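The structure appears below as structure tokens.
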Amino acid sequence: MTTEDKENEVIDVSDSSDNLREKTSEFFGVDDKKVVAMTSEEKFDEYCKLKEVVKTLNTDLKNLISNHERYQEWQDLSREVKKLAELIKEDEEVRLLKEKIATTKERIELLKEIIRIDLIENGKEEITKNGIKLKLISVIKEVKQENNKKTKKSGR
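In full-length UniProt numbering, the protein residues as written are 1 to 156.
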């Protein structure tokens, strides 16, 4: 299958998850077993390629939706829903309750940070109480490099 054929191929997402996994592996030319055997750099290259594929597919989806015959009807209804949501948000009781929620969430985040520091200082990895567990974890996060930053359009 040529690259052009792959670009024009459509994967039927209604298949079972195992069948879909197999088809996507064929589509991208890399199966799960090969991925495991790749070096970290090769895996990262594959990761970057797939990010571009998702970006392209999302653009295609956006275009498909905006060209749909009922798109304008959807936009009109969305505007009405936004107006109603704003009316509800402006209600004093709703506003006060949202404020309490936000303040409580801030306090929770502060406490989590204090607990994190305590766990590190005490050499522990987790704390459990009443079926709730807080655990120190290591994560990987994608970060944009300074010279690749895109500026967001301001229009809202």
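For glycine and all other residues, C-beta sits at the position ideal for the given N, C-alpha and C. Bear in mind that the values here come from a model prediction, so they are computed numbers and not experimental data.
Q: My understanding is that residue 115 touches residue 127, with C-beta atoms under 8 Å, so please give their C-beta distance in whole angstroms.
A: The residue you call residue 115 lines up with position 115 of the sequence shown. The residue you call residue 127 lines up with position 127 of the sequence shown. Confirmed, Cβ separation roughly 7 Å.
Q. In whole angstroms, what separates the C-alpha of residue 123 from that of residue 62?
A. Here residue 123 refers to the residue found at position 123 when the sequence shown is read from its first residue. Here residue 62 refers to the residue found at position 62 when the sequence shown is read from its first residue. When rounded, the distance between both Cα atoms is 49 Å.
Q. How would you write the range of the alpha helix (DSSP H) that residue 106 sits in, first residue to last?
A. Reading the sequence shown from its first residue, position 106 is the one you call residue 106. Note, residue 106: alpha helix (DSSP H), 92–121.
Q. Does the ligand HEM have a heavy atom nearer than 7 Å to the CB of residue 69?
A. What this structure holds is no ligand at all, so the ligand HEM is not there to describe.
Q | Of the listed residues 75, 48, 104 and 96, nearest to residue 144 (C-alpha basis) | A | Position 144 of the sequence shown, counted from the first residue, corresponds to residue 144. Closest option to residue 144, Cα to Cα, is 48.
Q | Three-way DSSP call (helix, strand, coil) for residue 132 in this model | A | Start at 1 with the first residue of the sequence shown, and residue 132 comes out as number 132. Note: residue 132 maps to strand in three-state DSSP.
Q. Hey, would you say residue 35 sits closer than 8 Å to residue 52, going by beta carbons?
A. Your numbering for residue 35 matches position 35 in the sequence shown. Your numbering for residue 52 matches position 52 in the sequence shown. Cβ distance not < 8 Å, so residue 35 and residue 52 don't count as in contact.
Q. Near residue 156, what residues of its chain come up, given a Cβ to Cβ distance below 7 Å and the 5 sequence neighbours on each side ignored?
A. Along the sequence shown, read from residue 1 onward, the residue named residue 156 stands at position 156. Only weak support is given to the placement of residue 156: the predicted model assigns it a pLDDT of 38, under 50, and the question is left unresolved by the model.
Q. What residues in its chain sit with their C-beta under 6 Å from that of residue 68, if we drop five residues either side in the sequence?
A. Walking along the sequence shown from the start, residue 68 turns up at place 68. No residues qualify anywhere along the chain.
Q.
Here's the rule: buried if 16 or more other CB atoms are within 10 angstroms of the residue's CB, otherwise exposed. What is residue 85?
A. In the sequence shown, residue 85 corresponds to position 85, counting from 1. Residue 85 should be labelled exposed.
**Q.** residue 125 beta carbon less than 8 Å from that of residue 136
**A.** As a first step, residue 136 is located in the sequence shown; it is residue number 136 there, counting from the start. As a first step, residue 125 is located in the sequence shown; it is residue number 125 there, counting from the start. Yes, these two residues count as a Cβ contact at 8 Å.
Q | Backbone CA spacing between residue 100 and residue 91 [nearest angstrom] | A | Here residue 100 refers to the residue found at position 100 when the sequence shown is read from its first residue. Here residue 91 refers to the residue found at position 91 when the sequence shown is read from its first residue. Roughly 15 Å separates the two Cα atoms.
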